[in-house]
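A short worksheet on the structure shown next.
Numbering (this note's numbering), first residue to last: -13 to 91.
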């Protein structure tokens, strides 16, 4: 029901932001697709600066079990970006995995 494909990603981001702003907040990690049991707004544990808010928008789950800057998928430099390899016509998965396919100019 609902947008179940995006549910874990979007609600996990909401959970992470709420827990960073107010660590003592008791909210469930698992919720429905619109996080209906999450509060609409909260009072932060401490005053937030503009730089704190900027840092929240750049959060890549650092230090959590879902840290996007850790593990094999982040590469040797801890890159948090993940790209869907998708289907490339005429290219096998083995060539795609090794980067052996033509690139645009």
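Positions of the beta carbon are idealized from the N, C-alpha and C atoms, including for glycine. Predicted model, so just to flag it, every value in this text is computed and none were measured.
Original post:
CA-CA distance, residue 23 and residue 58?
Top reply: Going from the Cα of residue 23 to the Cα of residue 58 covers about 34 Å.
Original post:
Cα-Cα, which of 0, 39 and 49 is closest to residue 18?
Top reply: Nearest C-alpha to residue 18 among 0, 39 and 49: 0.
Subject >> beta strand (DSSP E) runs contained entirely in the stretch -12 to 73, provided each spans 3 or more residues >> reply: Uninterrupted beta strand (DSSP E) stretches at least 3 residues long and entirely within the stretch -12 to 73 do not occur.
**OP:** Please go through the same chain and pick out, in chain order, the residues whose beta-carbon is closer than 8 Å to the beta-carbon of residue 7, but skip the five residues on each side of it.
**Re:** Same-chain partners within the cutoff: 28, 30, 31, 34 and 42.
Original post:
Considering only the beta carbon of each residue, do residue -2 and residue 4 sit closer than 7 Å?
Top reply: Against a cut-off of 7 Å, the Cβ pair of residue 4 and residue -2 comes out as no contact.
**OP:** Please report how far the alpha carbon of residue 37 lies from the alpha carbon of residue 46, in whole angstroms.
**Re:** In a straight line, the C-alpha of residue 37 is about 16 Å away from that of residue 46.
Subject >> Closest Cα partner of residue 67 within the set 21, 16, 26 and 44 >> reply: Its Cα nearest to that of residue 67, the residue 44 stands out among 21, 16, 26 and 44.
**OP:** Pull up the distance between the alpha-carbon of residue 20 and that of residue 49, whole angstroms please.
**Re:** Spanning the two alpha carbons is a distance of roughly 25 Å.
Original post:
So, helix, strand or coil for residue 88, using DSSP?
Top reply: Confidence at residue 88 is low in this model, with a pLDDT of 49, below 50, so the placement of that residue should be treated as unreliable; the coordinate-derived value is given next. Coil, per DSSP.
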